[in-house]
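Participant: Sharing a structure with you now.
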Amino acid sequence: MPYVIAEPCIGTKDTACVDVCPVDCIHPTKEENQFEEVDQLYIDPETCIDCAACEPACPVEAIFAEDEVPEQWTNYIEKNGDWYALSAEEFQAKWGVPGKSS
(Lines of atoms letter the chains of each structure in order from A and count residues from 1; the text may use other names and numbers.)
(Lines give C-alpha, C1' and ligand atoms only; values in the text may rest on other atoms or scores of the structure.)
Protein backbone atom coordinates (compact mmCIF):
# COMPACT_ATOMS: atom_id res chain seq x y z
CA MET A 1 0.00 0.00 0.00
CA PRO A 2 1.38 3.42 -0.84
CA TYR A 3 2.17 6.06 1.72
CA VAL A 4 0.18 9.27 2.04
CA ILE A 5 1.10 12.77 3.17
CA ALA A 6 -1.62 14.29 5.36
CA GLU A 7 -2.57 17.62 6.93
CA PRO A 8 0.42 18.12 9.27
CA CYS A 9 2.57 18.80 6.18
CA ILE A 10 0.53 21.89 5.29
CA GLY A 11 2.68 24.95 5.77
CA THR A 12 5.71 22.85 6.75
CA LYS A 13 6.83 21.21 3.51
CA ASP A 14 9.95 19.79 5.13
CA THR A 15 11.75 17.87 2.40
CA ALA A 16 13.53 15.28 4.55
CA CYS A 17 11.11 12.73 3.07
CA VAL A 18 12.13 13.72 -0.46
CA ASP A 19 15.79 13.18 0.41
CA VAL A 20 15.26 9.59 1.61
CA CYS A 21 12.82 8.41 -1.06
CA PRO A 22 14.61 5.86 -3.27
CA VAL A 23 12.15 6.21 -6.18
CA ASP A 24 11.64 10.00 -6.30
CA CYS A 25 7.86 9.78 -5.77
CA ILE A 26 7.42 12.82 -3.49
CA HIS A 27 6.81 16.18 -5.13
CA PRO A 28 7.17 19.02 -5.57
CA THR A 29 10.82 19.20 -4.58
CA LYS A 30 12.54 22.47 -3.68
CA GLU A 31 14.02 22.48 -7.19
CA GLU A 32 10.58 22.44 -8.86
CA ASN A 33 8.84 25.71 -9.67
CA GLN A 34 5.67 24.68 -7.88
CA PHE A 35 7.33 24.22 -4.50
CA GLU A 36 6.55 27.79 -3.41
CA GLU A 37 2.98 27.64 -4.76
CA VAL A 38 1.73 24.50 -3.01
CA ASP A 39 0.86 24.15 0.65
CA GLN A 40 2.13 20.58 1.09
CA LEU A 41 4.05 17.74 -0.57
CA TYR A 42 2.40 14.75 -2.25
CA ILE A 43 3.32 11.08 -2.73
CA ASP A 44 2.58 9.51 -6.10
CA PRO A 45 0.65 6.32 -5.27
CA GLU A 46 1.59 4.75 -8.61
CA THR A 47 5.33 5.21 -8.04
CA CYS A 48 5.56 4.62 -4.27
CA ILE A 49 7.15 1.23 -3.51
CA ASP A 50 5.91 1.14 0.09
CA CYS A 51 9.42 1.10 1.54
CA ALA A 52 8.44 3.36 4.49
CA ALA A 53 11.69 5.35 4.32
CA CYS A 54 9.75 8.62 4.27
CA GLU A 55 7.64 8.00 7.37
CA PRO A 56 10.35 8.30 10.06
CA ALA A 57 12.04 11.14 8.14
CA CYS A 58 9.02 13.43 8.50
CA PRO A 59 9.53 15.81 11.45
CA VAL A 60 5.80 16.58 11.75
CA GLU A 61 4.54 12.97 11.49
CA ALA A 62 2.46 13.73 8.39
CA ILE A 63 3.21 10.49 6.51
CA PHE A 64 1.19 7.33 6.94
CA ALA A 65 0.73 4.00 5.21
CA GLU A 66 -2.54 4.27 3.30
CA ASP A 67 -4.29 1.81 5.61
CA GLU A 68 -3.07 3.68 8.71
CA VAL A 69 -4.13 7.23 7.84
CA PRO A 70 -6.06 8.66 10.82
CA GLU A 71 -9.79 8.88 10.17
CA GLN A 72 -9.85 12.69 10.17
CA TRP A 73 -7.31 12.74 7.31
CA THR A 74 -8.52 9.93 5.03
CA ASN A 75 -9.41 12.50 2.34
CA TYR A 76 -5.65 12.97 1.88
CA ILE A 77 -5.48 9.51 0.29
CA GLU A 78 -7.55 10.84 -2.59
CA LYS A 79 -5.83 14.25 -2.54
CA ASN A 80 -2.35 12.72 -2.97
CA GLY A 81 -3.51 10.63 -5.92
CA ASP A 82 -5.39 13.54 -7.47
CA TRP A 83 -2.31 15.75 -7.43
CA TYR A 84 -0.73 13.37 -9.94
CA ALA A 85 -3.87 12.32 -11.85
CA LEU A 86 -5.72 15.60 -12.38
CA SER A 87 -4.77 18.66 -14.39
CA ALA A 88 -3.73 21.72 -12.38
CA GLU A 89 -7.10 23.31 -13.13
CA GLU A 90 -9.08 20.23 -12.08
CA PHE A 91 -7.09 19.88 -8.86
CA GLN A 92 -7.56 23.58 -8.01
CA ALA A 93 -11.31 23.31 -8.63
CA LYS A 94 -11.65 20.18 -6.50
CA TRP A 95 -9.31 20.97 -3.60
CA GLY A 96 -9.04 24.79 -3.65
CA VAL A 97 -5.24 24.78 -3.77
CA PRO A 98 -2.73 24.83 -6.66
CA GLY A 99 -2.33 21.61 -8.61
CA LYS A 100 0.59 20.06 -10.44
CA SER A 101 1.64 21.96 -13.54
CA SER A 102 2.36 19.97 -16.67
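Residue numbers (the working numbering): 1 to 102.
Think of the CB as a built atom: it goes at the ideal place given N, C-alpha and C, for glycine as much as any other residue.
1) In angstroms with no decimal places, state the Cα-to-Cα distance between Glu66 and Cys21.
2) Could I get the ranges of all uninterrupted alpha helix (DSSP H) runs contained in the region 34-65, with 4 residues as the minimum, in chain order?
3) Can you confirm whether the region 51-65 touches the region 28-37 when touching is taken to mean that 3 or more C-beta pairs between the two stretches lie within less than 8 Å?
4) From Glu61 to Val69, what distance separates their C-alpha atoms?
5) Counting only the same chain and skipping the five closest in sequence on each side, list residues whose C-beta sits under 7 Å from that of Thr47.
6) For Phe91 and Ala53, I'd like the C-alpha separation in whole angstroms.
7) Going by DSSP, what residues sit across from Tyr3 in a beta bridge?
Facilitator: On the basis of the supplied data:
1) Each residue's alpha carbon lies about 16 Å from the other.
2) Here the runs fully enclosed are 54-57.
3) Contact between the region 28-37 and the region 51-65 is absent: fewer than three C-beta pairs spanning the two stretches fall below 8 Å.
4) Approximately 11 Å between the Cα atoms of the pair.
5) These residues qualify, in order along the chain: Val23, Cys25.
6) Between Phe91 and Ala53, the C-alpha separation is close to 27 Å.
7) The partner list for Tyr3 (beta bridge, DSSP) reads Ala65.
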